[in-house]
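Trainee: Basically the working numbering = 1-based index in the sequence shown + 258.
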Amino acid sequence: MAYPHLILRSVAALQGESVNDLSRAIFVFFAASIEGERIEGAWPCVFGGGAEPEGLGPRVRSVEDAFAGILKGKFGRLARLASPAAPRGVGPARGLFVWFTDFGRAFAAREAWRNGQRRMADDPLAPSRSYLKIEEAYGILGCEPAPGESVCDLGAAPGGWSYSAAKRGARVVAVDNGPLKGGALGHPQIDHRREDAFGFAPADGAPFDWLFCDLVESPHHVLGSIVGPWLARRWCRRFVVNLKLGRVDPIALLGELGSARSPLAVHASGVRIRHLYHDRDEVTVTGNVRA
């Protein structure tokens, strides 16, 4: 099962036996598609391919370099504005997107839908690599904890997510029987509660601005014992929850998450389910709780 970072729209299938054949075919497609179009600023020119067959990566780079040479010779101004980096954020993007499935076959499109995944920069004080997941998730959700906001981090140890919120000035209640480490240990914005995440509830039901949850537990246990109650009782306003797939059928799980009976459908809005760049065998769910 694949969770796409980019979804190409209105694709054209292109073929060629050599690097030059493919680069020319891509240029002909691109040149025809920009007729009458004004491109004034930077535009994404993204080439990619799968891990198979072996050696496809170098082939993609060779075709990309050959295409760049043709583009520079024919449309020098456009070539200077081209960016090889995949566009950031969530939503539509226009440029040139080329995806190779074999040495002699590629799909090209001028439009793509961005699902928001991107590689994040590490922080030497971050207690674990999970820090990168929450940093990436902010971009999917479209916001991040702000100074003075409250965050409940269930299953916090060793504290990567708590540290991420605290460094932004948020007040964090980190719930985990395990120890915090790195920048989370002793941080003045983090209140470490050595309690069971599944039994924790806000004092007097006072809601948190954010719920973080990254537990190594069955996704159904997390959904039934944490996500459902927290959303139904309005104990948070926004949430970022990581669900471990493990032995669960991912297709069936996605169907459950999207069903009309799911707590996400009943109690939340703006829900996004993504396999992040920094996720492994897991998915990250973000959203807002309905008032």
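Cβ coordinates follow ideal geometry from the N, Cα and C atoms, glycine included.
Model, not experiment: these values are computed from the prediction.
Between the Cα of Pro-311 and the Cα atoms of Phe-361, Val-433, Ala-490, Asp-323, which residue gives the shortest distance?
Mentor: Residue Phe-361 is the option with its Cα nearest to Pro-311.
Trainee: Counting pairs of beta carbons, one from the region 393-407 and one from the region 341-352, are three or more of them closer than 8 Å?
Mentor: Yes: at least three Cβ pairs fall under 8 Å.
Trainee: Quick one: measure Cβ to Cβ for Leu-412 and Phe-365, integer angstroms, because I've assumed they're closer than 8 Å.
Mentor: Between Phe-365 and Leu-412 the Cβ distance is about 42 Å, and since that is not below 8 Å, they are no contact.
Trainee: Between Asn-435, Val-433, Gly-406, Asp-434, which lies nearest to Lys-567 when the distance is taken from Cα to Cα?
Mentor: No answer is possible for residue 567: it lies beyond the span of the chain, which begins at 259 and ends at 549.
Trainee: Could you give the first and the last residue of the continuous beta strand (DSSP E) run that contains Asn-278?
Mentor: Where Asn-278 is concerned, there is no enclosing beta strand (DSSP E), although the alpha helix (DSSP H) it sits in stretches over 277-291.
Trainee: Enumerate in chain order the residues of its own chain whose CB-to-CB distance from His-263 is below 6 Å, with the five nearest sequence positions on each side excluded.
Mentor: Taken in chain order, the residues that qualify are Asn-373, Gln-375.
Trainee: Spatial neighbours of Leu-314 within its chain, please: CB distance less than 8 Å, with the 5 preceding and 5 following residues excluded, ordered by chain position.
Mentor: Closer than 8 Å at Cβ, skipping near neighbours: Gly-307, Gly-308, Phe-358, Asp-360, Phe-361.
Trainee: Relative to the alpha-carbon of Arg-335, which residue among Ala-523, Phe-285, Asp-537, Ile-297 has its alpha-carbon at the smallest distance?
Mentor: Checking every option, the nearest Cα to that of Arg-335 belongs to Ile-297.
Trainee: Does the beta carbon of Gly-294 fall short of 7 Å from some heavy atom of the ligand GDP?
Mentor: Ligands displayed in this structure: none; no statement on the ligand GDP is therefore possible.
Trainee: Cα separation between Pro-316 and Gly-327?
Mentor: Going by the C-alpha atoms only, they are around 17 Å apart.
Trainee: Considering just the uninterrupted stretch of the alpha helix (DSSP H) at Phe-497, what are its terminal residues?
Mentor: Here Phe-497 belongs to no alpha helix (DSSP H); instead the beta strand (DSSP E) covers 494-502.
Trainee: Contact defined as beta carbons within less than 8 Å: I believe Leu-354 pairs with Cys-303. What is the distance between those atoms, to the nearest angstrom?
Mentor: About 5 Å separates the two Cβ atoms, so the contact holds.
Trainee: Quick check: His-525 and Val-543, are their CB atoms within less than 8 Å of each other?
Mentor: Cβ atoms of His-525 and Val-543: not closer than 8 Å.
Trainee: Nearest by alpha-carbon distance to His-533: which of Leu-522, Arg-368, Pro-508 is it?
Mentor: Ranking the options by Cα distance to His-533, first place goes to Pro-508.
Trainee: To the nearest angstrom, how far is the alpha carbon of Glu-453 from that of Asn-435?
Mentor: One C-alpha to the other measures close to 5 Å.
Trainee: Closer than 8 Å by C-beta to Gly-545: which residues in its own chain qualify, once you throw out the five before and the five after it? Chain order, please.
Mentor: Excluding sequence neighbours, Gly-545 sits near Leu-399, Arg-496, Phe-497, Leu-522, Ala-526, Ser-527, Gly-528, Val-529, Arg-530.
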